[in-house]
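In what follows, a structure is listed as structure tokens, so that the remarks can point back to it.
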Amino acid sequence: MTEITMIEAIRQAMDEELGRDERVFIIGEDVGVRGGVFRATQGLFEKYGEDRVIDSPLAELTIVGVGIGAAVYGKRPICEIQFADFIYPAFNQIVSEAAKMYYRSNGQWSVPMVIRAPYGGGIGGGLYHSQSVEAFFTQVPGLKVVIPSNPYDAKGLLKSAVRDPNPVLFFEPKKGYRLIKGEVPEDDQEYTVPIGPAKVTRPGQDLTVFAYGMMHHYALQAAETVASEGIDVEVVDLRTLYPVDRETILESVRKTSKALIVHEDNLTGGYGAEIAATIAEWGFMNLDAPVRRLAGPDVPAVPFSHPMQEWFMINPDKIAVAIRDLAAF
Amino acid sequence: MTEITMIEAIRQAMDEELGRDERVFIIGEDVGVRGGVFRATQGLFEKYGEDRVIDSPLAELTIVGVGIGAAVYGKRPICEIQFADFIYPAFNQIVSEAAKMYYRSNGQWSVPMVIRAPYGGGIGGGLYHSQSVEAFFTQVPGLKVVIPSNPYDAKGLLKSAVRDPNPVLFFEPKKGYRLIKGEVPEDDQEYTVPIGPAKVTRPGQDLTVFAYGMMHHYALQAAETVASEGIDVEVVDLRTLYPVDRETILESVRKTSKALIVHEDNLTGGYGAEIAATIAEWGFMNLDAPVRRLAGPDVPAVPFSHPMQEWFMINPDKIAVAIRDLAAF
Amino acid sequence: MPLSREQKKEMFWMMLLSRRLDERAWVLHRQGKIAFHISGIGQEAAQVGAVYAIEKGKDWLVPYYRDLAMVIAMGMSPSEFVRSLMGKAQEPTSGARQMPSHFSLHHAKVLSHSAPVATQSPHASGIGLGIKLDGGDEVVLTTIGEGSTSQGEWYEAVNFAAIHSLPVVFLVENNRYAISVPQEKQMAVSSAADKACGLGLPGIEVDGTDMFEVYDAVAEAVANARQGKGPSVIEAKMYRLTPHSSDDDDRSYRTREEVEEFKKQDPLIMMKNQFIEQGLMTEEEYNNLEDKAKKMVDEAVEEATKAPYPKGADAATPVYAEEVKND
Amino acid sequence: MPLSREQKKEMFWMMLLSRRLDERAWVLHRQGKIAFHISGIGQEAAQVGAVYAIEKGKDWLVPYYRDLAMVIAMGMSPSEFVRSLMGKAQEPTSGARQMPSHFSLHHAKVLSHSAPVATQSPHASGIGLGIKLDGGDEVVLTTIGEGSTSQGEWYEAVNFAAIHSLPVVFLVENNRYAISVPQEKQMAVSSAADKACGLGLPGIEVDGTDMFEVYDAVAEAVANARQGKGPSVIEAKMYRLTPHSSDDDDRSYRTREEVEEFKKQDPLIMMKNQFIEQGLMTEEEYNNLEDKAKKMVDEAVEEATKAPYPKGADAATPVYAEEVKND
Ligand SMILES: Cc1ncc(C[n+]2csc(CCOP(=O)(O)OP(=O)(O)O)c2C)c(N)n1
Ligand SMILES: Cc1ncc(C[n+]2csc(CCOP(=O)(O)OP(=O)(O)O)c2C)c(N)n1
Ligand SMILES: [Mg+2]
Ligand SMILES: [Mg+2]
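Going down the list, the protein sequences come from chains C, U, L and Z. According to the numbering used here, the first sequence is numbered sequentially starting from 32. According to the numbering used here, the second sequence is numbered sequentially starting from 32. According to the numbering used here, the third sequence is numbered sequentially starting from -14. According to the numbering used here, the fourth sequence is numbered sequentially starting from -14.
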């Protein structure tokens, strides 16, 4: 095992998939000589050439729409959207086309494609470089939505995404790109992580925190903090947000009887609503307390100025407060 | 009072607002001489001329983007999207621009604009003329989302929407356009219905059905059916879906202790998730049963062929079954 | 390669067959036997002319909803089409999930398209990219209505194809209206072919009622694309002889006189006359074709009527693919 | 109307002031005093030339993030800009909600824009529509980078303006790159001005390092727009002399030689030389302006540094308007 960063894990996954399967190619803005604005594709242009790592025009609809065409043709596109905030021009292609192609053709045409995008705040990006957009897509049958929280999963899930016969949205917590480090197997030990299952990343008895991406990273920290106060928190990394792994969620609630869902997207209509609804519907008999959500405030997006950004963002302290509160219920 | 259809109520609202305020204009595909493909703008071109009822190019992004520009200039655009299914090309303009303009300019620029779109299935429209798209927008601070269920509200809410200083998405249950009739005050009795409050449309004791649009219409029918079986159902018409009227929802749950949420959009990640989460978080202590959702299945959209369409769609019978089930809990 | 006499007759047959099939759909609608029809009447000459310029089985077609004649020429049977009109289980495009005329024929490389207009255009460019990356010499033909070229989606698709010199032919079927909206409200140029100059590729305008003029233009564009010379835009001018769809009433936006005027230039009649004048076909042959078409359409309706509906629960799948079958 | 000597000097002053302010932003960034800067260095001649062609207080500006010089010319003070760099409470564009250089000045009819490129273009057309509907003679100037014209959004905006003959001038600031992506990967034409022919409006290409050439072209387009003759596309060619932003490292995609070559055509230096050669300004006057600019920038930084940060909870509002203030 070697310790690497999130961004390196993502780069490695693409490198290995490009090497493994000739049909795989990358398309996006500045993914070529520039190696991506976050350097996720660094070195890949040099290694695989301009036919495999394609600088697109500045047009997200093009990136995804062309990706769909290439996928039905027989390629395995990895589409990069430079920031999740810029995915909206491609919304029609993702929701009307990629998601529905297989169903609408009764299985004739599938769209094996990955759309990668960095998401999330806390990096001084202001309203349009900080957004969490997952909840727009975790309601669209035909799509899969994946958000890794650590390098091991990032690499393993991205490789699975490339091999998946369906369109997979792969959102990367950009604040964690270099901040979150973790071990992955050596280069010659190929592994994947399956798309689908959530994972209990910290077993506990008193309550469960459900989170993903950067917030999962923080949730583990908060769980550690309150452990010393005698609160035994179970943490579940949702990882594959859609389709929802209801079984793992409900199993944890059966055990702890209390649920706190954490995400940095706005509270209302955010992804947490579905998790809360899932628990309120099928886990109700196990519940000892209200289902709590800790999430971004209902303002349009994360503001730029530092004090306002901090006001918006969820952090380990805020999670610890919510945990204590729920534990005391 | 006179009895009119939903579509006539909508037409009247626009007619009166065009007459009241010179700044109001309509822009959309086929809204001019054609009077709209559903005839919602019938006669308005003839009455107000081509400067007030503008046939746009076949481009939803244009309709909304130009609408935003006209709104900041000082106009009051009513943008028509021909079917809700075709709103996605305008997604970026709605979510990045209309919703965030006021906040991002710290209140300098507001976007007084209405976006109307017919939504919903059961009319043989297949995958792309049947969609419910509200949940994409009921998570976007800065937007208001309204869905009327009867002519009185349709007219009153649409007039309020035109006068609202914010961007309002106004989704119209197209199956109900001519099917749902109801009384509205005479022409000379001007009224509006405020955006914001949900409404208890049928008081009851045993459980609450939360619904909107066509499903609210069906919910009332189902409530009637089960009444004869001794189940006393309260029905709440959510009407303004966003911002969420949590108070009315929770008040009803405090009274009935059981909640069933009905919508025709897909279950997972649909609007009902937020209502369920709201109840599970702030109404938990009042709950006597799991929070139930009855919603469309998690397939990409409503299929065309009649048996498959019926399989997808929620109807009064299915609602009655769910009510009985929950009542028996 | 000039068209042989046999090919030309086959092309006429495709026009005729799809016309009679299309007309029958209107009849079925009036009889209340189907819920919806969207028609290609008046556009068959351009469609057949264009589709004969690509190589069946090798090249790709990314069509739009009016392309009945194209898709018939690509191998969809009349009874398959009528099944889709009726929402019957074994219709080949979508298993009756989509409305009729949302075509897809996997075996013939006809890509599934949806209702939101212009979404197909970037797919065509993406297929073109795949072909180019593989060094293949297949070509993609994609179609669209003139109104739909107002979508940014079309612009982006053509722009990408032009930048990368992709083997794609963008055919615009300009039938003068987008539902009720005339061309002048869609664009400030006189033809979608004019849009090509702003995107750096050739733009050609042809008479869409002349099957052979369309064939020649598309064949040249296809030859260029095959040789790596890049994409083209072709606009074929024609007229939609029917209302937009069975839900439309076109009297609100165009006069009967206008429609009658254009009926005189009905491409089927013009082609028929031309064939007979040029001795490509006798009146008798023509009458035989009419009989054959009627018989085929009759049989198609009969067959399709007997075909079963899907079960409701069939709609539960297939949402996700387990494996990719379209490689 | 030809520019007066005084106007010309004022224009040069705007170039100079915004350049020195922009340079200071880079210094502040190196000093760790600000987190982000996106620069207009190299684009000032075009910006000032263009903005002087509209009438302040009457006409509208819908800019993009590189337009510091435009917005300074429209009345944003240097200290206001530095406050936005620092995320201070009283910065006038967004109350420190947006990243710096996302401009908005309501009193000067400078519309707020966002980060997703090209979203501003349809707004410009919408304002143009409003003006036309009211029969006004205001004009809208809107800007964009050449890369961003690849977005369907730009195409749709220009198309709409062309159809309705709206009073909008679409200025494309072509600085040769979109971050790392050169123009050849954005379009198959040699200039965004060439795109105009496909949309039915005039397209004009000018040297964006020549303030007066840009002024003349924009002034003519503005005059046409004001007279109801419709919109224009103008492309001003220039070079981005700095990295894309403070987050960028441009060495990965362009050689130092290339950048050095273009530094020789720095519009500020060229304009200065021209002014002195043509006797519009003496060396002494120039030195005075430099001193004045330095002083203003120093003061701006001092002032802005002292200005308070917003409170965190200030971010809770304003999500919804209670009334429309921008009528
Ligand atoms: C994105 C989108 N918006 C609106 C519609 C509704 N609609 C269906 S066809 C049509 C007109 C299309 O006109 P054109 O492109 O000229 O093709 P034609 O029907 O004339 O062949 C419209 C507006 C749609 N299908 N998709
Ligand atoms: C929709 C969208 N996609 C991607 C980006 C990221 N981005 C910011 S600026 C930029 C390049 C813009 O290039 P150009 O339009 O030429 O303007 P320039 O920066 O060169 O002035 C990119 C890709 C964005 N802001 N918006
Ligand atoms: Mg048309
Ligand atoms: Mg540029």
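Yeah, the Cβ is synthetic: ideal placement off N, Cα and C, and Gly gets one too.
Under the rule that 16 or more other beta-carbon atoms within 10 Å means buried, what is residue i, buried or exposed?
i: Z:G25; result: buried
i: U:T232; result: buried
i: C:E77; result: exposed
i: C:Q220; result: exposed
i: L:T302; result: exposed
i: U:G327; result: buried
i: U:F167; result: buried
i: L:M(-14); result: exposed
Examine chain Z for any beta-carbon lying closer than 9 Å to the beta-carbon of residue i, and answer yes or no.
i: C:E60; result: yes
i: U:S288; result: no
i: U:S283; result: no
i: U:I146; result: no
9 Å is my cut-off, CB to CB: does residue i come that close to chain L?
i: C:E128; result: yes
i: C:Y104; result: yes
i: Z:Y313; result: In the structure as shown, chain Z begins at -14 and stops at 312. Residue 313 of chain Z is therefore absent and cannot be evaluated.
i: U:S87; result: yes
i: Z:N209; result: no
Does DSSP classify residue i as helix, strand or coil?
i: C:E203; result: strand
i: C:W140; result: coil
i: U:P198; result: strand
i: C:D268; result: strand
i: L:R5; result: helix
i: C:T33; result: strand
i: C:G244; result: helix
i: U:L75; result: helix
i: Z:E284; result: helix
i: U:K230; result: strand
i: C:H294; result: strand
i: Z:A38; result: coil
i: L:K310; result: coil
i: L:E123; result: coil
i: Z:L151; result: coil
i: U:V257; result: helix
i: L:N144; result: helix
i: Z:E190; result: strand
i: U:K131; result: coil
Should residue i be flagged as near chain U, meaning a C-beta pair shorter than 9 Å?
i: C:K131; result: yes
i: C:R323; result: yes
i: Z:F247; result: no
If you measure from the beta carbon of residue i to each beta carbon in chain C, is any gap under 9 Å?
i: U:M32; result: no
i: Z:M320; result: No answer is possible for residue 320 of chain Z: the residues shown for chain Z start at -14 and end at 312.
Item to complete: Name all residues in chain order for which at least one heavy atom of ligand 4 lies closer than 6 Å to the residue's CB.
Response: The filter returns Z:G130, Z:E131, Z:G132, Z:N160, Z:Y162, Z:A163, in chain order.
Worksheet entry | Cβ contact (3+ pairs, closer than 8 Å) linking the segment 180 to 187 of chain L and the segment 16 to 33 of chain L | The segment 180 to 187 of chain L, when compared against the segment 16 to 33 of chain L, does not touch it at the 8 Å Cβ threshold.
Fill in: Cβ contact check for the segment 185 to 196 of chain L and the segment 24 to 38 of chain L: 3 or more pairs under 8 Å
With contact defined as three or more Cβ pairs closer than 8 Å, the segment 185 to 196 of chain L and the segment 24 to 38 of chain L are in contact.
Discussion item. Using a Cβ distance threshold of 8 Å, determine whether the segment 127 to 147 of chain L contacts the segment 88 to 98 of chain U, with at least three qualifying pairs required.
Written reply: Yes: at least three Cβ pairs fall under 8 Å.
Worksheet item: Taking one C-beta from the segment 68 to 83 of chain C and one from the segment 120 to 130 of chain C each time, how about it: are there three or more such pairs within less than 8 Å?
Response: Segments in contact, no.
Worksheet item: Pairing CB atoms from the segment 344 to 357 of chain U with CB atoms from the segment 249 to 267 of chain U, are three or more of them under 8 Å?
Response: Output reads yes: the segment 249 to 267 of chain U touches the segment 344 to 357 of chain U.
Discussion item. Is it the case that the segment 90 to 106 of chain Z contacts the segment 113 to 120 of chain C, given that we only count it when at least three CB pairs across the two stretches are under 8 Å?
Written reply: Look at the beta carbons and you see the segment 113 to 120 of chain C touching the segment 90 to 106 of chain Z: at least three pairs across the two are nearer than 8 Å.
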